[in-house]
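Take 0 as the starting number for the sequence shown in numbering that gives the first Met the number 0 and just add one per residue.
All C-beta atoms in this analysis are idealised placements derived from N, C-alpha and C, irrespective of residue type, glycine included.
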Amino acid sequence: MELYFLRCLLLVALTAPTFGDDGQAVFVSELSSKPAQKLSKYGWYGSVRLQKFHIPEDTAVARWLFSVTKGHTFHCGQHNVTIHMRWGAPPVINPTGASFPNATLWSPSLSLTLPVTSQSYTTFNLTNPAAGDWFIAAHLPEDDGRIEQKGFPSCSYFFQPQLSIRRSVDTPTMQQGVLLQQAAAPDKPARLKLYVPEFASSLSISVANCLSVEGADCSLVLRIGSNSLQRGPHTVNCSGSGCSAALLNPPWDAWLRVEVESSRDNQTVSFSIVSNYTVGCKPASVGLAADEDFRRLRGNSSLTNSTPTVNSSAANGSASPLTTTSMSPSACVWNVPVLYEELDVLSNRFSPVNGPNVSVVDTHPTLLAYPLHVQATGGTLNLQLTLNTTNVTLGNSSRVVACLTPRAPVLQLNHSQPCGTALFGGFGLQVNTSVPKAVIRLPFPPSATWYLTLQLVCNSSECGNTSVVSVLPELFVSACVEDCGPYGECRLLRSYSYLYSACVCKAGWSGWGCTDDSNAQSYGRQVLATLLLTLSNLAFLPAIVVAATRCYITEASVYAFTMFFSTFYHACDQPGQAVLCIMDYDTLQYCDFLGSVCSIWVTILCMARISDIYKYTLFMLGALLIAMSMQLDRKGLWNLLGPVLFAILLMVSTWVRRGVQRRHCYPPSWKRWVLYLVPGALCALIGVCLYIFAETESNYFYTHSLWHILVATCVVFLLPPKERKREALGWSRGWSWSWRPRVCGYTLCESGTDELYTVS
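Right under this line is the structure:
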């Protein structure tokens with residue numbers, strides 16, 4: 000019912016008059032929805048709920064409907080849900096304000112805040128959205144550090160995004176040099192599209208013959224490109240009879256949208272529009288035969304090794320291919336072929352086919368193309384540029400300038416032109432003799448063909464004796480920034496079929512690459528936490544001694560098992576450097592959880608004082624069932640509550656039955672109640688309250704250590720006294736350490752009923 004209501008709301012919104020048909024194109028509507036997901040407080044990127052939507056070409060209007068619903072009816076207060084949007088890749092967010100690793104570049108995404116009480120909705124409209132994948136990320140405010148036990152009721156919020164689009168099915172296409180007659184009004188703009196081929200260096204669009212129906216002066220707004228939130232379309236205000244717009248370095252091999260709108264109210268304008276582009280950077284033809292390419296790959300098979308080797312011509316300082324091969328007359332850059340390798344999940348590498356060294360001159364740029372697929376957008380794009388100063392030394396005024404741009408390259412690098420193209424920004428870096436190495440990192444790079452332009456730049460008109468230099472461009476995609484460093488762990492995350500990665504930090508470190516040490520724990524604090532959590536388990540030693548003294552050997556073995564694995568589990572579970580793991584972490588955790596529940600299970604059954612055959616049967620059967628439930632859900636609430644409630648019910652039933660039979664309260668002694676049972680129950684109650692309600696990330700090693708001590712102490716109080724039927728020299732049931740004499744070849748037998756010796 001709720002989903003139907005949301006769809007109706009979107010349908011009504013899209014049929015509103017503000018988005019009426021413009022009379023020049025036919026539109027169709029498409030609706031897509033994602034299932035509701037439970038939101039989490041932000042602690043790291045894994046707390047974010049990520050959704051991906053696809054917007055097709057020729058989409059005129061996109062409208063998102065974001066709904067947040069509270070899952071429980073009790074009062075949880077008002078929380079703000081933050082929604083982030085980005086085109087081409089997941090949004091890079093920083094809600095905590097932590098610092099990013101060095102040389103990491105990122106641009107903030109669009110953020111929306113939605114206050115939520117019980118159920119809230121908000122919409123976001125975007126005209127002329129960029130075609131492709133759009134990513135939506137949502138989360139609750141920053142985590143307060145409180146540790147919530149699984150299974151207990153808590154405030155839960157569910158986030159569901161829905162997208163509805165209006166797509167044109169007959170958008171007019173502009174041809175090279177062909178005039179088109181169009182008309183535009185304030186609420187009915189003229190929408191067109193044109194194709195920009197690869198290797199285009201410039202694009203111009205001209206509007207002419209502007210005539211107003213009312214006879215007034217023409218006033219038009221010309222927009223070229225789409226809206227990607229981070230960067231809008233190129234806009235030109237036209238007045239008079241016409242205008243034109245010129246774009247240098249337009250996107251290659253892409254469709255561009257052109258929109259012309261009248262800027263005056265109630266004024267319809269007719270005009271003619273034409274487009275022209277220049278393709279002046281075609282590379283030299285390589286023919287159809289691929290034998291040469293395969294020979295290059297075989298000759299550079301060392302590129303697949305971890306340490307690349309420089310080819311003989313570059314190592315000996317001989318002439319590079321740039322100095323021996325003439326460029327095509329139509330070429331304005333030197334294209335270097337690149338080898339693309341998929342190494343692992345979110346791990347790709349790009350290598351120049353002719354060897355790791357790339358020659359760079361001052362007369363024209365050197366261009367390398369890196370196609371980045373959608374599967375790699377969930378990682379980090381790393382570019383490392385190193386100047387080879389073995390044979391050539393640059394002067395103080397000379398440097399190699401590089402520009403990394405998506406979808407189109409920069410075809411000329413000089414002092415005045417910034418690193419960027421007509422519709423997309425770029426990332427610039429440079430190397431020289433004093434700084435021979437430069438690095439940039441781009442988290443979640445958009446899916447596109449990335450272009451690296453290299454050129455030698457000198458302050459004077461001539462570069463002196465240096466005309467060709469060699470650089471080593473290394474571009475690769477990794478899952479995380481430097482594998483999250485020593486205080487973080489890189490984890491792969493999945494949103495349906497889309498894979499992405501993020502760093503989860505420990506020991507108080509934070510940030511995108513776990514490099515922010517503003518709240519980091521000192522080494523002394525790490526050691527203190529480890530010692531408290533491990534040595535507090537020694538409180539089980541009195542419980543083990545008391546159980547063994549009172550002839551409860553099985554119970555003592557369970558307590559020893561729990562003490563051993565709890566000690567080494569917490570020694571392995573600690574963040575930072577004070578860590579000791581004697582076996583696999585998962586095994587230690589499983590044994591710790593199993594031993595903890597089994598300790599409570601055997602203690603309560605021992606207090607029930609049932610016959611041995613039933614007690615040990617329940618011991619074994621309960622341990623097997625607890626082990627099974629731990630395998631199903633290790634941190635489930637009923638893994639502890641189920642055995643505890645069953646054991647308490649059995650104990651109370653046994654005590655009531657004995658009290659009815661004896662017509663007296665059981666246990667009969669008031670000292671047993673006052674000195675043992677009540678203190679033991681108080682220790683258990685205080686420990687459970689600390690474990691459930693008081694634990695936070697900051698005080699965990701204090702409260703959990705106190706939990707260990709209280710649980711071990713309550714066992715000492717709650718264990719019943721030794722049974723009277725057990726002999727002082729040994730145990731008559733199951734174990735026998737006493738010596739039995741033999742008289743005239745006969746063995747003296749023991750009677751458990753009347754405790755007399757008879758001759759058999």
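Whole-angstrom C-beta distance between residue j and residue i, which should lie under 8 Å
i: residue 70; j: residue 156; result: 7 Å
i: residue 225; j: residue 57; result: At roughly 10 Å, the Cβ-Cβ gap does not stay under 8 Å, so residue 225 and residue 57 are not in contact.
i: residue 385; j: residue 435; result: 6 Å
i: residue 179; j: residue 272; result: 5 Å
i: residue 589; j: residue 629; result: 6 Å
i: residue 699; j: residue 146; result: 7 Å
i: residue 480; j: residue 100; result: 5 Å
i: residue 761; j: residue 59; result: Only positions 0 to 759 of the chain appear in this structure, which leaves residue 761 out of reach.
i: residue 399; j: residue 451; result: Wrong, their Cβ atoms sit about 12 Å apart, outside the cutoff.
i: residue 210; j: residue 120; result: Wrong, their Cβ atoms sit about 45 Å apart, outside the cutoff.
i: residue 425; j: residue 402; result: 5 Å
i: residue 135; j: residue 198; result: That pair is no contact at about 35 Å.
i: residue 430; j: residue 470; result: 7 Å
i: residue 259; j: residue 183; result: 5 Å
i: residue 599; j: residue 643; result: 6 Å
i: residue 486; j: residue 492; result: Not confirmed; about 19 Å, so no contact.
Residue i burial status per 10 Å Cβ neighbour count (16 or more: buried)
i: residue 534; result: exposed
i: residue 372; result: exposed
i: residue 381; result: buried
i: residue 62; result: buried
i: residue 581; result: exposed
i: residue 170; result: buried
i: residue 165; result: buried
i: residue 648; result: exposed
i: residue 265; result: exposed
i: residue 311; result: Note that residue 311 has pLDDT 34, beneath the 50 cutoff, so the model's placement of it is unreliable and the number below is only indicative. Exposed is the call here.
i: residue 565; result: buried
i: residue 22; result: Only weak support exists for where residue 22 lies, its pLDDT of 45 falling under 50; the value from the coordinates is given anyway. With fewer than 16 other Cβ atoms within 10 Å, it is exposed.
i: residue 558; result: buried
i: residue 703; result: buried
i: residue 692; result: exposed
i: residue 133; result: buried
i: residue 128; result: buried
i: residue 173; result: buried
i: residue 48; result: buried
i: residue 320; result: At residue 320 the pLDDT is 40, less than 50, meaning the model places this residue with poor confidence and gives no usable figure here.
i: residue 616; result: exposed
i: residue 347; result: buried
i: residue 612; result: exposed
i: residue 237; result: buried
i: residue 638; result: buried
i: residue 621; result: buried
i: residue 389; result: exposed
C-beta neighbour in chain C for residue i, strict 7 Å
i: residue 703; result: Protein chains in the displayed structure number just one, and chain C is not present.
Bridge-paired residues (DSSP) for residue i
i: residue 99; result: Bridge partners of residue 99: none, in fact.
i: residue 82; result: 111, 137
i: residue 637; result: Residue 637 pairs with nothing; no bridge assigned.
i: residue 132; result: 53
i: residue 31; result: 162
i: residue 760; result: In the structure as shown, the chain starts at 0 and stops at 759, and residue 760 therefore has no counterpart that could be examined.
i: residue 431; result: Answer by DSSP bridge pairing: none, since residue 431 is not bridged.
i: residue 700; result: Its beta-bridge partners do not exist; DSSP assigns none.
i: residue 208; result: DSSP, once it has assigned bridges, lists no residue as partnering residue 208.
i: residue 334; result: 366
Proximity test, residue i beta-carbon vs the ligand COA heavy atom, cut-off 6 Å
i: residue 566; result: Of the ligands one can find in the structure shown there are none, so the ligand COA has no counterpart to examine.
The stretch 86-103 in contact with the stretch 366-384 per 3-pair CB rule at 8 Å: The stretch 86-103 vs the stretch 366-384: in contact.
4 or more residues per run - each alpha helix (DSSP H) lying fully within the stretch 475-539: The qualifying runs are 522-534.
Secondary structure, beta strand (DSSP E): runs of 3+ residues fully inside the stretch 224-286: As far as the stretch 224-286 is concerned, its whole beta strand (DSSP E) runs of at least 3 residues are 233-238, 242-247, 253-261, 268-278.
Three or more C-beta pairs below 8 Å linking the stretch 671-681 and the stretch 501-508: The stretch 671-681 is not in contact with the stretch 501-508.
Any 3 or more C-beta pairs closer than 8 Å across the stretch 516-525 and the stretch 569-579: Result yes; three or more Cβ-Cβ pairs closer than 8 Å.
Sufficient close CB pairs (3 or more, under 8 Å) joining the stretch 225-244 to the stretch 139-150: No, the stretch 225-244 does not touch the stretch 139-150.
Entirely enclosed beta strand (DSSP E) segments - the stretch 139-200, minimum 3 residues: Counting whole runs of 3 or more residues, the stretch 139-200 contains the beta strand (DSSP E) stretches 156-167, 179-183, 189-195.
Three CB pairs or more closer than 8 Å across the stretch 709-718 and the stretch 530-550: Yes, since at least three Cβ pairs between the stretch 709-718 and the stretch 530-550 fall closer than 8 Å, the two stretches touch.
Any 3 or more C-beta pairs closer than 8 Å across the stretch 246-255 and the stretch 401-414: Here the stretch 246-255 lies against the stretch 401-414, with 3 or more beta-carbon pairs under 8 Å apart.
Cβ contact check for the stretch 468-479 and the stretch 336-346: 3 or more pairs under 8 Å: With a cut-off of 8 Å, the stretch 336-346 and the stretch 468-479 count as touching, because enough Cβ pairs lie within range.
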